[in-house]
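Residue numbers (full-length UniProt numbering): 1 to 803.
Some notes on the structure that comes next.
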């Protein structure tokens, strides 16, 4: 069977071949080739479901940098299985949808390359056991999502949205990296599995709390938690297939995955409980509250995604309280919150993916997503309406749809957790079910807006950009499949629970799973319980608020746009850009002499100052060889040439005098028995002198500047100071050897590397990788120069519109 390592690599390999296949078969939509990758991976991974459900874990290791404990170790367990199936399953449906959604005039090869890069990066995140490898894939998801969001780069909003998502998620990723480094230092390992096993003895470590906070920073920024949620609405400028994939099933779920994966490490801690559940509930409320005020369907779905992500995050936080106890009936009850989180994670991917595709269909067929211009589409798009009804009612938590089941479990978990007498829940615990209920009321309202304001009411033909008509069958395939899952999971929820969620629960609560069964059973009807009454209240109050929404929408005026986190982001970005521009202009004068002045001043202060301060300038010349008259004569010639350059009247004279300096150094190399260095110096000096002469031939006549006397004195002082520092450093290094010279090792170059020339052996064998990378740098620079010379702007580049 396919190993997990190969499953990660396949999308990257496919991305390499996509442009060539597209060029080879221009008449076949490249999406059909791209579809083969996620579909094959989904089917292959699905074959592991029975064995994973049976408790087996698959671990694969490829040694990478074993001396530093960094290996490409991947493992497939219950938790990674859920995310991998979502990544590949939803990915397959998105590719099918995109084939019919995107125009053939688009740069489709670029689109599918970016999509496959993102898919591979996400698989790398959920399969990686090594936290450093996980971080590499984590940041790669940010980069590839940036490319996808900015796919329509000719639109100003697309570029801005891509930049915002990149800045926020990358910044959180840097914090997460520092947290990973701290955590690896505490546990003395980079393996997540080993950290889980050993961290229990290190929870009192002084770096434990900072590591937790920094890792949560990465999770919160990636999963758009308050106040980092502001990047998600702007990311909706991406094509709808991108939104359906990144922002319902994959990228925004990466932070959720991180919290779930590290719950065994930090769960049971009060800080973790309150931060994860508290930030999640706040995000749930704020996202649902702001979704109602949106007039763009896609923006509404963006805020609804923020809200739903907050709901899932809060449930993971609540469920972590179970780790405060040992295995008991009580602790198993509290793990229900985590079970509900995993269940809603799956449900959300199904109904939200379908809703994004519905919005894409509406936009594609009528030319607008503005709710103020929509209405009366039920008779024109009956199939699209049916999918929208199923997805919206599931999101609202109504039966007979899967969202109802996980929302009821959410209420149950909030009620149970609020009754605990730990973590100050005896005083603050009541707020958990209250906030959960209020957020659900607003969720109900915006779900009704999607259905009734889009498909009911008067048909406003004159306000539409295109004559409305039904979507093509191909575009309906993917949302119909997702809608079937929405309904099917409601009637057969325990298939998902048994084969997907229960194995993941064992992964998240390994210590509790060892002591007893964590299995949960999902019931469609659980009697007249408080959570059912909460649902009835949601429907009643939500219906009232929806009907009379025009009377209370004035409340949003209390939250003016200029006081939002979005405005704070743009204000901060503007200040940083203006500040950096002002600083740059202060020293970027356009004169080379000024830049050299900065460099030399820094050298004098940093090197000279530190060495003087530490007393490192100490040397003894008694053991040195005496300087012969011939050597003195060469040095005197160099001194005279160097001074004479300052008074040269023409460029030709200055170039020739500079050549005297270079050739004199070559003579010194000969005297010191270094013929290879002398030969190199002569070649370089000859080529340099010729290039100078050729360049100066085409330059205008040289007119020496009449610099002020003060400037000349400053330059003279700096020049003398630099020369003195260089001489003192050289003398100190020569006299202050703290260790035995490494040159003795290289004297055995012939025995060690088979090279008679020590220098060649060092370059070609001892530091071969360094030499190879230097050559690669030259190659990259050459390619860059060639590209700038040969590349011609396309029509799209010549007519970029700032829409």
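Quick reminder that beta carbons are idealized off the backbone N, C-alpha and C, glycines included.
Ignoring anything shorter than 4 residues, give me the alpha helix (DSSP H) runs that lie fully in the segment 419 to 446, in order along the chain.
Runs found: 425 to 428.
Looking at the secondary structure, which residues open and close the alpha helix (DSSP H) in which residue 658 lies?
Taking the first residue of the chain shown as 1, we reach residue 658 at position 658. Element bounds for residue 658: 651 to 671.
Taking DSSP as the reference, what is the three-state secondary structure of residue 25?
Looking up residue 25 in the chain shown gives position 25. Residue 25 falls in the coil class under three-state DSSP.
Start and end of the alpha helix (DSSP H) containing residue 362?
Numbered from its first residue, the chain shown carries residue 362 at position 362. Unbroken alpha helix (DSSP H) run through residue 362: 336 to 366.
Mind checking residue 165: buried by the 16 CB within 10 Å criterion, or exposed?
Here residue 165 refers to the residue found at position 165 when the chain shown is read from its first residue. So residue 165 ends up on the buried side.
Give the straight-line distance between the Cα atoms of residue 622 and residue 167, rounded to the nearest whole angstrom.
As a working mapping, residue 622 is identified with position 622 in the chain shown. As a working mapping, residue 167 is identified with position 167 in the chain shown. Roughly 59 angstroms between the two C-alpha positions.
Is the beta carbon of residue 48 less than 7 angstroms from the beta carbon of residue 474?
Counted from its first residue, the chain shown places residue 48 at position 48. Counted from its first residue, the chain shown places residue 474 at position 474. Result no, Cβ atoms of residue 48 and residue 474 do not sit closer than 7 angstroms.
Does DSSP put residue 757 in a helix, in a strand, or in coil?
Residue numbering aside, residue 757 sits at position 757 when the chain shown is read from its first letter. Coil.
Out of curiosity, what's the CA-to-CA distance linking residue 542 and residue 176?
For the purposes of this step, residue 542 is identified with residue 542 of the chain shown, where counting begins at 1. For the purposes of this step, residue 176 is identified with residue 176 of the chain shown, where counting begins at 1. For residue 542 and residue 176, the distance between alpha carbons rounds to 39 angstroms.
Terminal residues of the continuous alpha helix (DSSP H) containing residue 252?
Numbered from 1 along the chain shown, position 252 holds the residue referred to as residue 252. 251 to 266 is the extent of the alpha helix (DSSP H) around residue 252.
Taking 7 angstroms as the threshold (C-beta atoms), are residue 8 and residue 124 in contact?
Here the question's residue 124 lines up with position 124 in the chain shown. Here the question's residue 8 lines up with position 8 in the chain shown. A contact, by the Cβ cut-off of 7 angstroms.
In chain order, what residues of the same chain lie with their CB nearer than 6 angstroms to the CB of residue 813, ignoring the 5 residues before and after it?
The chain is shown only over 1 to 803; residue 813 falls outside these bounds and no answer can be derived.
Run the CB neighbour count on residue 500, radius 10 Å, all protein chains shown included, and call it buried at 16 or more, exposed below.
Counted from its first residue, the chain shown places residue 500 at position 500. Buried is the call here.
Can you give, in chain order, each stretch of the alpha helix (DSSP H) that sits fully within the segment 546 to 610 and has at least 4 residues?
Here the runs fully enclosed are 549 to 552, 565 to 587 and 592 to 603.
DSSP on residue 65, reduced to helix/strand/coil?
Reading the chain shown from its first residue, position 65 is the one you call residue 65. Here residue 65 sits in strand by DSSP.
Do the segment 56 to 64 and the segment 75 to 85 touch if we need at least three Cβ pairs shorter than 8 angstroms?
With a cut-off of 8 angstroms, the segment 75 to 85 and the segment 56 to 64 count as touching, because enough Cβ pairs lie within range.
Going by C-alpha distance, which of 442, 122, 588 and 573 is nearest residue 539?
Stepping through the chain shown from its first residue, residue 539 is reached at position 539. Among 442, 122, 588 and 573, the Cα nearest to that of residue 539 is on 442.
Any contact between the segment 275 to 287 and the segment 241 to 254? By contact I mean 3 or more CB pairs, one from each, below 8 angstroms.
The answer is no - the segment 241 to 254 does not touch the segment 275 to 287, with fewer than three Cβ pairs under 8 angstroms.
Counting C-beta neighbours from all protein chains within 10 Å, is the total for residue 574 16 or more, i.e. buried, or is it exposed?
Mapped onto the chain shown, residue 574 falls at position 574. With fewer than 16 other Cβ atoms within 10 Å, it is exposed.
Who are the Cβ neighbours of residue 466 in its own chain at under 7 angstroms, not counting the five residues just before and after it?
Position 466 of the chain shown, counted from the first residue, corresponds to residue 466. 365, 366 and 367, listed in sequence order.
Buried or exposed, going by whether 16 or more other CB atoms sit within 10 Å of the CB of residue 290?
If you number the chain shown from 1, residue 290 lands on position 290. Flag for residue 290 reads buried.
Kindly give me the distance between the Cβ atoms of residue 718 and residue 600, rounded to whole angstroms, as I take these residues to be in contact under 8 angstroms.
In the chain shown, the residue the question calls residue 718 occupies position 718. In the chain shown, the residue the question calls residue 600 occupies position 600. The Cβ separation is near 5 angstroms, so the contact holds.
Look at the alpha carbon of residue 449 and the alpha carbon of residue 292, and state the distance between them as a whole number of angstroms.
Within the chain shown, the letter at position 449 stands for residue 449. Within the chain shown, the letter at position 292 stands for residue 292. The alpha-carbon atoms of residue 449 and residue 292 are separated by roughly 8 angstroms.
Residue 626: which of 610, 672 and 646 sits nearest, CA to CA?
Residue numbering aside, residue 626 sits at position 626 when the chain shown is read from its first letter. It is 672 whose Cα lies nearest to the Cα of residue 626.
Alpha helix (DSSP H) containing residue 450: first to last residue?
Within the chain shown, numbered from 1, the residue matching residue 450 stands at position 450. Where residue 450 is concerned, there is no enclosing alpha helix (DSSP H), given that its DSSP letter is neither H nor E.
Cβ atoms of residue 436 and residue 309: under 7 angstroms apart, would you say?
Along the chain shown, one-based indexing puts residue 309 at 309. Along the chain shown, one-based indexing puts residue 436 at 436. Cβ distance not < 7 angstroms, so residue 309 and residue 436 don't count as in contact.
Measure how close the beta-carbons of residue 479 and residue 387 come, nearest whole angstrom, since I'm counting them as under 8 angstroms.
Residue mapping note: residue 479 aligns to position 479 of the chain shown, counting from 1. Residue mapping note: residue 387 aligns to position 387 of the chain shown, counting from 1. Right, their Cβ atoms sit about 5 angstroms apart.
If you drop the 5 nearest sequence neighbours on each side, which residues of the same chain put their C-beta closer than 6 angstroms to that of residue 791?
Within the chain shown, numbered from 1, the residue matching residue 791 stands at position 791. No residues qualify anywhere along the chain.
Tell me the rounded alpha-carbon separation between residue 217 and residue 230.
Translated into positions along the chain shown, residue 217 becomes position 217. Translated into positions along the chain shown, residue 230 becomes position 230. Those two C-alpha atoms are separated by around 15 angstroms.
Please name the residue or residues paired with residue 128 in a DSSP beta bridge.
Taking the first residue of the chain shown as position 1, residue 128 is located at position 128. In the DSSP output, where bridge partners are listed per residue, residue 128 has 74.
Which runs of the alpha helix (DSSP H), 4 residues or longer, sit entirely within the segment 101 to 163?
Listed in chain order, they are 108 to 127 and 131 to 149.
By DSSP, does residue 815 sit in helix, in strand, or in coil?
The structure shown does not extend to residue 815, since the chain is modelled only from 1 through 803, so no value can be given for it.
Taking its Cβ as the centre, do 16 or more other Cβ atoms sit within 10 Å of residue 433, making it buried, or is it exposed?
Indexing the chain shown from 1 puts residue 433 at position 433. With 16 or more Cβ atoms within 10 Å of its Cβ, residue 433 is classed as buried.
Nearest to residue 492 by alpha carbon, out of 614, 343 and 629?
If you number the chain shown from 1, residue 492 lands on position 492. Among 614, 343 and 629, the Cα nearest to that of residue 492 is on 343.
Rounded to the nearest angstrom, what separates residue 140 and residue 242 at their Cα positions?
Stepping through the chain shown from its first residue, residue 140 is reached at position 140. Stepping through the chain shown from its first residue, residue 242 is reached at position 242. The straight-line gap from Cα to Cα measures roughly 16 angstroms.
Between residue 802 and the rest of its own chain, which residues show a CB-CB distance below 6 angstroms, the 5 nearest in sequence each way excluded?
Along the chain shown, read from residue 1 onward, the residue named residue 802 stands at position 802. Any answer about residue 802 is weak, because its pLDDT of 47 lies below 50 and its placement is not dependable; what the coordinates show is given next. Hits under 6 angstroms: 156.
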